[in-house]
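Colleague:
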Amino acid sequence: ANSFIKRIEEEICSIIVVMLVVSTAIGVFWRYVLHNPLPWPNELGMFLLLWLAFLGASLANKDDGHYKISILYNALPEKVQRVTNILNDLLKLTFLIIFIYISIRVFPRQAIRRMTVYLGINKAWHTFSLTVGFSFMVLFVFKELLLKLSTIKKRNNNNL
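If you use our numbering, the sequence shown corresponds to residues -9 to 150, in order.
1) Pick helix, strand or coil for N64, following the three-state DSSP scheme.
2) Can you tell me the Cβ-Cβ gap for F97 and F118, rounded? I've got them flagged as a contact below 8 Å.
3) Per DSSP, N112 forms a beta bridge with which residues?
4) Evaluate F126 with the Cβ neighbour count: other Cβ atoms within 10 Å of its Cβ, from every protein chain shown; 16 or more gives buried, anything less gives exposed.
5) Can you give me the Cβ contacts of L28 inside the same chain, cut-off strictly under 8 Å, excluding the 5 residues immediately before and after it?
6) In whole angstroms, what separates the C-alpha of Y63 from that of S(-7)?
7) Assign D53 to buried or exposed, taking buried as 16 or more other Cβ atoms, counted over all protein chains shown, within 10 Å of its Cβ.
8) From this set, W115, G46, T121 and L139, which residue's C-alpha is nearest L77's C-alpha?
9) Which residue marks the beginning of the alpha helix (DSSP H) containing P31, and which one marks its end?
10) Taking the alpha-carbon positions, what's the L39 to N147 distance?
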C-alpha cells in the first residue's frame, strides 16, 4: 500500500512539474516576446508550487531525504539508536497531527468566498495541499513506527 501511495504522489508531482514548466513558459513568452503579460501563469505557478512543496516533502520523508545530523546518532549504541528512532517518529507524528489539525481548522475560513483573482480557484485548495501532504507523511511515519516496534518485539522474543 505504501509503494502504491508513493507511486501516486510521484505521478502527481510529475504532472505538477510539467504544468509548472508549461505555464511558466507561456507566461515568459507572452511577457517578453509578445509584450502582453498574462496574469494567470503567476497565480497558477504559486498554486502548483504549494502542492509540489507538500507532496514533495512527503516523498522526501518516504525516501529519508530530509536533512539530519547523523554524527552523534552514529556514535550511539545500537539500542539507543533504536529508541532514538522511535522517539523521533513519535515526535514527527505529534507535530504532523498538530499541523493537520491546524490546516483542517483553517480550511473552512479559506473556503468562504475567497477565490484567486484570475483563475477563480477557491483558496481552500491552497490549504488543502497542507492537509494532504501532512496526511501522507502521517501514514508513512505511522507505518515505519509499527515496523520498528515489531522488529524490536521480534528481537526481544528471540533473546528469550
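The beta-carbon is built from N, C-alpha and C at its ideal position, and this holds for glycine as well.
Modeller: Inspection of the coordinates gives the following:
1) helix
2) 7 Å
3) M105
4) buried
5) I16, G17, W20 and R21
6) 28 Å
7) exposed
8) L139
9) W30 to K52
10) 47 Å
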